[in-house]
Structure formats: structure tokens, C-alpha cells
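K.L.:
Numbered according to numbering that gives the first Met the number 0, the sequence shown terminates at residue 611, and the numbering increases by one at each position without gaps. Would you mind keeping the following structure in view while I ask a few things?
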Amino acid sequence: MPASALLHSTVEEAMADKAEALERLPHLLETDVSLSAWTAVQPFITHALAPSRMQQVSLDKCYILENDKHFSLNNVCMAAHTAIELIAIGHSFQEHCGPDVLADNVPSIMAWTIFMIQHINDMLFSDASKLWESSSHANRRILMDLKCRALIYRDARCKEYLCNILDLWTHAGAMLGGKGIWFSIVSNLVSSWVPDPTDGSINAHGPADSLLAAAFEIVTSRVGAMAQQQIKILHIKDCGLHGTPESAVPIYLMYLLCRSREFRMALEARGGIRLLCKLLRRLALDFAPSRVDRSGIPGRIHVGMSLLSILKKMICGPAPVREALHCGSLLTVMLLWSHIETSIALRGAQDADRWLSITRRGASKYFSEGIESWLWFPSIHRVLQRSITEVEELMKDGLDIHEEPLAYFMTMRKWYHEHHATTESISRRCSRPECISQSRASLSPDTVKYCSGCLLVAYCSAECQREHWIQKHRQECFSLANASAAKSPRSPLSYIDRCALLHGLRSKIRQNIHSVPHETFIVVKISVNCFEFSHQSYAESASRIEAHGRAQYGDYFDEKAVLEKAIRMRLWGDGDVFVCVIMVPYTIVDVISVRNVVEGWVDPELRKWIVG
């Protein structure tokens with residue numbers, strides 16, 4: 000029988016869900032891949048993936064046709080599995096079958112994925128497992144294709160599809176034998192790049208990739224469950240430490256998810272920083288030259304730099320910096336950096352210069368963009384001094400630290416001593432708004448009286464403390480103390496950290512003031528978010544600033560609305576642009592003039608705060 004005739008007859012038998020035909024069909028298509036052969040199998044693909052095939056599946060694993068003919072659910076799943084295999088073959092040979100093989104079948108793949116996840120308890124038998132495998136690979140392919148991603152986003156079931164994928168990963172992943180592929184699916188879903196199928200190069204999704212934004216909206220709404228899942232993965236022994244692609248996928252996935260601020264905060268609240276430091280320490284010790292061979296170096300470097308990138312993203316405030324330092328991150332990073340350089344030198348890894356550059360770029364950011372960004376907060380000084388002392392004592396005992404990490408350490412230590420020396424010059428203000436000392440010289444550190452309940456507010460005298468307790472603080476002290484004790488990312492900054500931040504920002508702003516205008520000005524943005532524990536008088540505070548150019552005391556105001564108005568007026572050429580620094584609780588609202596801050600005439604360190 001000619002090949003084309005055999006293919007057509009097999010398609011007819013497969014349409015009737017005959018098992019032998021279903022097994023034979025992919026082999027026939029692979030034997031003679033052509034446009035005519037692809038056209039011949041199209042009716043079967045449409046039939047096997049039709050929505051009606053899902054709708055008629057009953058819980059007793061039986062599929063009922065209108066003519067009362069019965070087929071086993073196994074055969075239905077086998078047919079769907081075969082159809083998806085045919086799509087994969089057509090995609091692999093798209094020069095013969097056409098460029099739209101995947102795109103034409105995106106709705107069907109989405110529909111079957113949703114169906115299987117929603118009926119996971121009924122889909123764990125033999126033929127369904129084959130369908131799980133083929134479907135997961137198909138999902139991975141469509142999420143790596145820019146055209147398919149656009150089609151997914153425009154599909155009416157896009158949100159349902161995304162929710163089901165993320166829910167499966169967080170809740171039902173343990174029920175699947177091929178859990179690793181679902182890691183890859185979620186990675187491809189939230190990744191900002193895709194490989195080009197023609198030459199293997201990397202293409203960024205770019206701002207036009209709406210699916211990426213939609214996926215992160217779902218991640219944000221599920222941060223608790225997703226962060227908990229990542230914590231479970233981090234607890235797995237040797238997670239990512241072998242450097243193999245399979246073991247490293249969870250680490251890469253965490254790196255991608257950490258672009259969501261809410262996810263980072265949820266991870267931190269569940270002890271993520273402590274576990275990351277533990278993994279990094281284990282990796283640093285396993286990277287000792289006696290433990291790693293030449294082939295394992297590249298994979299382990301990728302894992303190590305990914306872990307460092309995650310840690311750098313998470314230490315975004317004095318509290319997480321203190322926790323990371325308390326967990327020994329400073330010594331760990333220096334050991335990891337030195338051991339990588341030693342292993343590369345001894346083992347002669349291929350592309351040694353490239354791997355050294357990757358290591359240098361990743362590890363140096365821990366110092367330059369991690370610890371050093373928070374040196375002006377006095378609350379980290381004590382634990383940082385302990386970490387510095389630990390490194391110095393180990394070096395005296397013979398610890399070998401390479402020249403480059405040692406240079407970064409020495410620079411950081413120098414800046415730390417400079418910031419520590421300026422601690423005494425930080426302006427300290429009374430937390431009682433009505434106190435006349437608010438607008439006068441700062442208090443001496445020896446005269447500051449802290450609230451013994453929360454330690455978050457301070458006063459110039461016992462009288463001010465007593466008056467403020469009666470007026471306001473009595474209602475807030477307990478909640479502020481609990482929030483601070485919880486060590487949550489939402490915890491308020493300490494009193495001295497708030498004072499130091501205001502002091503530092505004012506000095507940075509004033510470096511860029513050339514002349515102070517006296518005309519009407521516009522508030523651009525709140526530069527500092529000190530965690531919103533004070534919600535009163537939004538509109539009142541905004542109106543005071545706009546009407547009088549200054550709010551002596553006050554709470555938060557609607558920064559988005561004021562920012563939008565400022566930008567509009569700036570574009571129209573009206574008024575001068577100002578930065579407003581607001582510190583809460585109980586610190587002066589400070590308005591300082593800066594021209595053209597929207598255009599970027601600001602110190603880079605300050606601009607990070609302005610743009611968020």
C-alpha cells in the first residue's frame with residue numbers, strides 16, 4: 000500500500016480511537032513529513048482535541064457518543080496525546096508543514112491543559128500520564144514562542160490558563176511524576192526572554208509581551224502559596240548544588256519570580272534570607288577545589304550567581320540586611336568568590352575568562368548594590384561590625400581570600416567607618432508634632448528619650464512624651480511594637496534609621512541645588528516609603544503642600560495623583576519641580592526644592608528612591 004494511502008487509512012482508524020492506529024500515526028508522519036501528510040492528519044488533530052471530547056468525559060472513565068457507542072477514557076486521552084505529538088512533529092519540521100503549526104493549535108492546548116489540571120484526581124492513570132507528558136512539553140513550546148504568547152494573551156481563557164498552571168505548581172505538583180517539566184513551564188511563563196528557534200539566540204519579550212505582565216499579576220495574587228512552595232524547595236537537600244540543569248531549574252525559577260516585589264516580601268517573611276544564606280554557604284564549601292571537577296564548574300557558577308542575585312534583590316532595607324549579615328552572608332560571599340577563582344585556575348575550565356567575569360560581576364554586586372547601599376542606616380552597623388571582625392580574625396588565622404574580593408571588602412569597610420563616624424551628626428527630632436524643638440536644632444543623642452513600649456518614637460523630654468502619649472501614641476504603641484517585633488518586610492523603620500534616611504536624602508538633594516526658586520512649586524513624589532502605618536489626612540496634607548508650599552507636620556498624601564499633576568504641569572512649563580521626603584511615624588514632612596528632577600538632574604542614589 001502506498002505511504003499516502005496507508006496514512007489516510009490510519010487517520011480514519013485513529014478517528015475511531017483505535018489503539019493500534021493511534022500508536023502508528025506519529026511514526027507514519029515522521030517517516031514522510033510533507034505538507035500533504037500534514038494536511039492529511041489535520042482532521043484527526045481537530046477531532047482528538049475537540050472541546051466536546053472533554054465535555055463528555057464522565058467520572059467513571061467512559062466517553063459516550065451521541066449514537067450511544069462507548070469508548071474508554073484511556074483511548075480518549077491516548078488520542079489527545081497522539082494529536083499533541085503530531086503537533087510537536089509538525090513544529091519540528093515547520094519548513095515542510097508551515098510556520099503556524101503551534102499557533103494554530105494554541106487554543107486546543109490551552110483548553111486541554113485547563114481540563115487536565117481541573118480534573119487532576121481523575122487523570123492519573125496510564126494513558127493520561129502520557130497525555131500529561133506530551134501536554135507539558137507542548138505548553139513549554141508555546142510559552143517559548145513569541146507569536147504563541149501573544150495568542151495566549153488574546154484568548155478569552157488566558158487568565159484561567161495562567162491561574163491553573165500556577166495553582167498546579169503550588170498545590171498539586173507532588174502528584175505529578177514529571178514535576179520538573181512544570182518547573183520549566185512556570186519558568187518560561189514568567190521569563191523575560193525566549194530562545195530564537197532559528198539560531199538559538201536570546202530574544203527579550205520586551206514591553207510588548209502582555210502575557211508576562213498578566214502572569215506577574217497572578218503571581219502577585221498568589222504570593223503566599225508560591226513563596227511557601229519555594230521555601231519547601233529550598234529545604235530539599237542539595238537543591239541546585241549539583242549544577243545540573245535539572246537541579247538548577249528551581250533556583251532559576253526563584254530568580255525570575257523575585258522580580259515581583261510582593262513575592263520577595265512573602266519569601267522574606269517565611270525565612271527565605273536565612274535559607275538562601277545556608278545554600279550559598281553550602282555551595283561555597285562544595286566549591287572547594289578538592290570537591291568539584293572541571294565539568295561541574297559552569298553549572299555551579301550559574302547557580303551561585305543566581306542565588307546571589309536573589310539575595311541581592313531581597314536585601315532591600317536595613318532589616319533584611321541585618322538578617323543576611325547575621326546569617327554570615329559577608330564571609331560566605333567572599334569564600335564563594337575565592338573558591339570559584341581557585342577552582343577555575345586549578346581545573347582549567349573552558350572559557351575561564353568568561354566564567355571569571357560572570358563571577359566578578361555577580362559577586363561584586365553583593366557589595367556595591369547590596370550592603371553598601373544601606374550603610375547610612377545606623378541599625379545595621381553593629382551586626383556589620385561583627386561580620387567584619389569575623390572576616391578579619393579568620394584572615395589572621397590563615398584564611399586565604401583572593402585579591403579582588405578582598406579589595407571590595409576593604410572598600411566596604413572604609414565606607415562603613417565613614418558612615419559610622421557621621422552617626423552622631425544625624426538630626427534627631429522630637430516625635431511630638433507640637434514640640435517647638437521640631438523646627439530647631441537637633442537633639443543630642445544623650446537627651447533623646449525613647450518610648451519603652453515600641454522604641455520607634457523618641458522625645459526631647461518626659462513632658463513631651465507624656466503629652467504625646469495622651470494625645471495619640473497610646474492608641475498606636477501596641478500595634479507598632481507588634482509590627483516591629485514581627486520582623487516582617489512591612490515592619491516600620493527604627494527611629495534612628497528614619498532620622499538617618501532623612502539626613503542622607505537631604506544632603507544628597509542639596510548637592511544638586513544651584514538656586515532656590517521662590518515661585519510656586521510642585522511636589523513630585525514621596526521619595527521614601529517608611530511602611531504605611533499612618534493613613535490619616537491624605538487630602539489635607541496634599542492641600543497644605545500645594546497651597547502653602549510646605550507641610551510642617553502631617554501624614555501621607557496621594558503620591559500618584561500629585562506626581563501625575565506635577566508631570567503635567569512640568570510638560571506645560573508651569574512651576575518648579577520639587578521632591579518631598581516624608582517620614583512616618585511622627586517625623587517632619589520635609590519639602591526641598593530641586594529643579595528638573597523629572598529629567599534626571601539628581602544624584603543616581605537619590606534617583607533610585609524617586610523612581611521607586
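Backbone N, C-alpha and C define an ideal beta-carbon position, used for all residues, glycine too.
Are the beta-carbon atoms of S232 and R269 separated by less than 8 Å?
P.N.:
Note on residue identity: the sequence assigns Ile, not Ser, to residue 232. No. Outside cutoff.
K.L.:
Could you work out which residue in K311, F408, A155 and R359 is closest to I300 when comparing CA atoms only?
P.N.:
Closest by alpha carbon: R359.
K.L.:
Tell me which residue opens and which closes the alpha helix (DSSP H) that R258 is part of.
P.N.:
Run containing R258: none; DSSP gives neither H nor E here.
K.L.:
Tell whether a beta-carbon distance below 8 Å holds between G361 and L307.
P.N.:
Against a cut-off of 8 Å, the Cβ pair of L307 and G361 comes out as a contact.
K.L.:
Does the beta-carbon distance from L355 to E368 come in below 8 Å?
P.N.:
Going by C-beta atoms, L355 is not nearer than 8 Å to E368.
K.L.:
Alpha carbon to alpha carbon, what distance is there between V32 and E402?
P.N.:
When rounded, the distance between both Cα atoms is 59 Å.
K.L.:
Which residues in the same chain have their Cβ closer than 7 Å to the Cβ of L27, if we skip the five residues on either side of it in sequence?
P.N.:
Taken in chain order, the residues that qualify are L5, L6 and T9.
K.L.:
Leaving out five residues before and five after M109 in sequence, what residues of the same chain have Cβ atoms less than 7 Å from its Cβ?
P.N.:
Around M109: I151, D154, R156 and Y160.
K.L.:
Suppose the cutoff is 7 Å on Cβ atoms and the five residues either side in sequence are ignored; what does the same chain contact list for A47 look like?
P.N.:
Closer than 7 Å at the Cβ level, and outside the excluded window around A47, lie A78, A79, T81 and A82.
K.L.:
Distance, Cα to Cα, I201 vs L130?
P.N.:
Any answer about I201 is weak, because its pLDDT of 43 lies below 50 and its placement is not dependable; what the coordinates show is given next. Straight-line Cα distance between these residues: approximately 30 Å.
K.L.:
Tell whether a beta-carbon distance below 8 Å holds between H380 and S430.
P.N.:
Contact: no.
K.L.:
In the DSSP assignment, find the unbroken alpha helix (DSSP H) run with P106 in it and report its ends.
P.N.:
Counting along the chain, the alpha helix (DSSP H) containing P106 begins and ends at V105 to Q117.
K.L.:
Please return the same chain residues whose Cβ sits closer than 7 Å to the Cβ of K277, not counting the five positions on each side in sequence.
P.N.:
Closer than 7 Å at Cβ, skipping near neighbours: no residue.
K.L.:
Since Y458 sits in a beta bridge, which residues does DSSP pair it with?
P.N.:
For Y458, which the question treats as bridged, DSSP gives the partners K448.
K.L.:
Counting only C-beta atoms, is R381 closer than 8 Å to chain B at any point?
P.N.:
No chain B is present in this structure, which holds just one protein chain.
K.L.:
Counting along the chain, where does the alpha helix (DSSP H) carrying C157 start and finish?
P.N.:
From DSSP, the alpha helix (DSSP H) with C157 extends over C157 to D166.
K.L.:
Since V189 contacts L211 with CB under 8 Å, what's their CB separation in whole angstroms?
P.N.:
At roughly 7 Å, the Cβ-Cβ gap stays under 8 Å, so V189 and L211 are in contact.
K.L.:
Using DSSP with H/G/I as helix, E/B as strand and the rest coil, what is W375?
P.N.:
DSSP places W375 in coil when its eight states are reduced to three.
K.L.:
Take the Cβ of N481 as the centre, count every other Cβ of all protein chains shown within 10 Å, and call the residue buried at 16 or more, exposed below.
P.N.:
Its Cβ having fewer than 16 others within 10 Å, N481 is exposed.
K.L.:
Roughly how far, in whole angstroms, is the beta-carbon of V498 from the beta-carbon of I425, given that I think they are within contact range, below 8 Å?
P.N.:
Val is not the amino acid found at residue 498; the sequence shown has Cys there. The Cβ separation is near 5 Å, so the contact holds.
K.L.:
Alpha carbon to alpha carbon, what distance is there between C162 and L252?
P.N.:
About 17 Å.
K.L.:
Specify whether the stretch 451-469 and the stretch 413-422 touch according to this definition: at least 3 beta carbon pairs, one from each stretch, less than 8 Å apart.
P.N.:
Judged by Cβ distances under 8 Å, the stretch 451-469 makes no contact with the stretch 413-422, as fewer than three pairs qualify.
K.L.:
DSSP three-state call for S33: helix, strand or coil?
P.N.:
Looking at S33 - three-state DSSP - the assignment turns out to be coil, as it is neither helix nor strand.
K.L.:
So which of S337, V40 and P106 has the shortest CA-CA distance to A287?
P.N.:
Closest option to A287, Cα to Cα, is S337.
K.L.:
L616 by DSSP, collapsed to three states: which one?
P.N.:
Nothing about residue 616 can be read from this structure; the chain reaches only from 0 to 611.
K.L.:
Look at F182 and V248 and say whether their C-beta atoms are less than 8 Å apart.
P.N.:
Yes, the Cβ-Cβ distance between F182 and V248 is below 8 Å.
K.L.:
Output the distance between the C-alpha atoms of A13 and F43, rounded to the nearest integer angstrom.
P.N.:
Cα to Cα, A13 sits roughly 7 Å from F43.
K.L.:
Which of helix, strand or coil does DSSP assign to C476?
P.N.:
Here C476 sits in helix by DSSP.
K.L.:
Just verifying my parser: in three-state terms, what is the DSSP assignment at P249?
P.N.:
Helix at P249.
K.L.:
Under the assumption that R412 contacts I387 (Cβ atoms under 8 Å), give the Cβ distance between them as a whole number of angstroms.
P.N.:
The Cβ separation is near 6 Å, so the contact holds.
K.L.:
For I88, which option in L34, S128 and E216 has the closest C-alpha, if you only look at C-alpha atoms?
P.N.:
Ranking L34, S128 and E216 by Cα distance to I88 puts L34 first.
K.L.:
Classify A406 as helix, strand or coil using the three-state DSSP reduction.
P.N.:
Of the three classes helix, strand and coil, the one that applies to A406 here is helix, per DSSP.
K.L.:
So L330 and V382 are in contact, right, with Cβ under 8 Å, and what is the actual spacing, rounded?
P.N.:
Contact flag wrong, Cβ pair sits at about 13 Å.
K.L.:
Using the Cβ count rule (16 or more neighbours within 10 Å means buried), how would you classify G397?
P.N.:
Classification for G397: exposed.
K.L.:
Alpha carbons only, please: which of P317, L21, M264 and P25 is nearest the one belonging to I309?
P.N.:
Checking every option, the nearest Cα to that of I309 belongs to M264.
K.L.:
How would you write the range of the alpha helix (DSSP H) that S305 sits in, first residue to last?
P.N.:
Residues I296 to M313.
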